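Following: one structure in structure tokens, then a few remarks.
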Amino acid sequence: MAATKQVVFHLDNEEYGVDIMKVNVIEKYQEIVKVPNSPEYIEGIINLRGEILPIFSLRKKFKLANKPIDDNTKIIVVFLGDMKMGFIVDSVSQIINIEESQLEAAPRIVTGVSRRYIQSVAKVGERMIVLLNVDLILEDEERLSLGTIFEENNG
Numbered sequence: 036m037a038a039t040k041q042v043v044f045h046l047d048n049e050e051y052g053v054d055i056m057k058v059n060v061i062e063k064y065q066e067i068v069k070v071p072n073s074p075e076y077i078e079g080i081i082n083l084r085g086e087i088l089p090i091f092s093l094r095k096k097f098k099l100a101n102k103p104i105d106d107n108t109k110i111i112v113v114f115l116g117d118m119k120m121g122f123i124v125d126s127v128s129q130i131i132n133i134e135e136s137q138l139e140a141a142p143r144i145v146t147g148v149s150r151r152y153i154q155s156v157a158k159v160g161e162r163m164i165v166l167l168n169v170d171l172i173l174e175d176e177e178r179l180s181l182g183t184i185f186e187e188n189n190g
């Protein structure tokens with residue numbers, strides 16, 4: 036794996052990264068319309084420049100405590116297979132180059148985040164940034180369920 040650019044964001048006091056090639060856009064938080072019968076971690080939908088996108092709470096997926104929305108809260112819109120989805124994050128801090136030499140395998144126990152979602156951990160100076168594999172955050176059955184929910188509510 037060569038050097039990659041990662042979008043670094045925060046949940047609680049932890050730093051996470053997602054490959055910039057998976058990111059479509061970073062948006063300010065906007066009001067979300069709730070969708071009936073959706074999984075707990077699906078906050079609802081937004082209309083982003085004419086495109087209806089599902090919005091996903093990484094806090095709920097990772098079983099972290101709720102935090103009030105504030106001016107730093109962002110929505111990172113990512114490509115997830117053949118669909119786009121927004122992730123609500125506490126803040127986005129930077130875009131950073133990660134060299135292969137800075138990467139380590141994910142430890143067996145990582146607080147709050149299932150190990151299967153973690154691609155690796157980057158050591159950047161004194162910081163540790165957990166790099167997520169966004170393609171694995173939604174399980175196959177969750178993608179199917181999500182598709183069904185949005186078909187029911189849009190059709």
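Position one of the sequence shown corresponds to residue 36 (the working numbering), numbered consecutively onward.
In this text, a Cβ means the ideal position worked out from N, Cα and C, and glycines have one as well.
Keep in mind it's a predicted model, so treat the numbers as computed, not measured.
{"Check": "Cα-Cα separation between Leu166 and Phe114, rounded to whole angstroms", "Outcome": "16 Å"}
{"Check": "Beta-carbon separation (whole angstroms), Leu173 vs Leu99, contact threshold 8 Å", "Outcome": "That pair is no contact at about 17 Å."}
{"Check": "Residue closest to Glu161, alpha-carbon to alpha-carbon, out of Phe44, Tyr76, Val42 and Glu50", "Outcome": "Glu50"}
{"Check": "Buried or exposed by the 16-neighbour rule on C-beta atoms within 10 Å, applied to Ser92", "Outcome": "buried"}
{"Check": "Collapsed DSSP secondary structure at Ser92 in the structure displayed", "Outcome": "strand"}
{"Check": "Beta-carbon gap between Ile81 and Ile67 smaller than 7 Å", "Outcome": "yes"}
{"Check": "Inter-residue spacing [alpha-carbon to alpha-carbon] between Val124 and Ser136", "Outcome": "27 Å"}
{"Check": "Closest by C-alpha distance to Thr39, when choosing among Ile153, Pro142, Leu138 and Tyr152", "Outcome": "Leu138"}
{"Check": "Where Gly52 falls, given that 16 or more other Cβ within 10 Å makes a residue buried", "Outcome": "buried"}
{"Check": "Start and end residues, beta strand (DSSP E) containing Asp54", "Outcome": "Glu49 to Asp54"}
{"Check": "Under the three-state DSSP convention, the category Arg162 falls into", "Outcome": "strand"}
{"Check": "Supposed close pair Ile130, Tyr64 - CB separation, criterion 8 Å", "Outcome": "Ile130 to Tyr64, Cβ: 19 Å. No contact."}
{"Check": "Backbone CA spacing between Phe44 and Asp54 [nearest angstrom]", "Outcome": "11 Å"}
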